[in-house]
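Student: Sequential numbering of the sequence shown, starting at 55, is according to my numbering. All C-beta atoms in this analysis are idealised placements derived from N, C-alpha and C, irrespective of residue type, glycine included. From a predicted model like this one, the values you see are computed outputs, not experimental measurements. Following this message is one structure expressed as structure tokens.
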Amino acid sequence: MDYGKLVYKALEARKNAYAPYSGLHVGAALLCSDGAIYTGVNVENVSYGATNCAERTAIFKAVSEGKRNFSAIAVTSDLDRLIYPCGICRQVLAEFNIPIVIVADNKGNYKVHRTDELIPHAFTEF
Ligand code: THU
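Now the structure itself:
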């Protein structure tokens, strides 16, 4: 699938972000190996630590629907610069072997990274 299209899905999803505290609307779109796409947004909470990032929302939606194999995830926000996943989301990307992360700005400009660049030496087994 064209990464530009995945970024577009993330931009569309961003409209549903629930971000009354930070004001930063984030959208993600996760491409499964079978071609299905799951979107996600950040869902904030007045108890800030209960907030869920857009990437994890998309991943948890897909996993809870039985998906286990993934090709790539795109993430975008209101910012006019690229947005990068937080540390917790990087660990979740590693858990589910999502190999490619596409980081985008609010216009759909994007850059493609391998996940192992973003989380080298990930904790994956013990
Ligand atoms: N956020 C995401 O959803 N994804 C990221 O990659 C970085 C941060 C959210 C969490 C919070 O709702 C807001 O952005 C500000 O940190």
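Can you tell me whether residue 177 is buried or exposed, with buried defined as 16 or more other CB within 10 angstroms of its CB?
Tutor: As a first step, residue 177 must be located in the sequence shown, where it is residue number 123. Exposed, by the Cβ-count rule.
Student: Is DSSP giving residue 112 helix, strand or coil here?
Tutor: Counted from its first residue, the sequence shown places residue 112 at position 58. Three-state DSSP puts residue 112 in a helix.
Student: Could you give the residue range of the beta strand (DSSP E) that holds residue 72?
Tutor: Position 18 of the sequence shown, counted from the first residue, corresponds to residue 72. Careful: residue 72 lies outside any beta strand (DSSP E) and carries neither H nor E.
Student: Return helix, strand or coil for residue 165, following the three-state DSSP convention.
Tutor: Walking along the sequence shown from the start, residue 165 turns up at place 111. Reduced to three states, the DSSP call for residue 165 is strand.
Student: Please classify residue 94: does DSSP put it in a helix, a strand, or coil?
Tutor: Position 40 of the sequence shown, counted from the start, is the residue given in the question as residue 94. Residue 94 falls in the strand class under three-state DSSP.
Student: For residue 57 and residue 165, what's the separation of their Cα atoms in angstroms?
Tutor: Along the sequence shown, one-based indexing puts residue 57 at 3. Along the sequence shown, one-based indexing puts residue 165 at 111. Taking the straight line joining both Cα atoms gives about 10 Å.
Student: Taking the CB atoms as reference points, tell me whether residue 79 and residue 90 lie closer together than 7 Å.
Tutor: Position 25 of the sequence shown, counted from the start, is the residue given in the question as residue 79. Position 36 of the sequence shown, counted from the start, is the residue given in the question as residue 90. Result no, Cβ atoms of residue 79 and residue 90 do not sit closer than 7 Å.
Student: Please state the DSSP three-state secondary structure of residue 155.
Tutor: Residue mapping note: residue 155 aligns to position 101 of the sequence shown, counting from 1. In this structure, residue 155 counts as strand in the three-state DSSP scheme.
Student: Within this structure, are the beta carbons of residue 134 and residue 160 separated by less than 7 Å?
Tutor: Position 80 of the sequence shown, counted from the first residue, corresponds to residue 134. Position 106 of the sequence shown, counted from the first residue, corresponds to residue 160. Yes; because the gap between Cβ atoms is below 7 Å, this pair is in contact.
Student: Check the C-beta distance from residue 64 over to residue 130 and give it rounded, since I have them as a contact under 8 Å.
Tutor: Here residue 64 refers to the residue found at position 10 of the sequence shown. Here residue 130 refers to the residue found at position 76 of the sequence shown. So it is a contact: roughly 5 Å between Cβ atoms.
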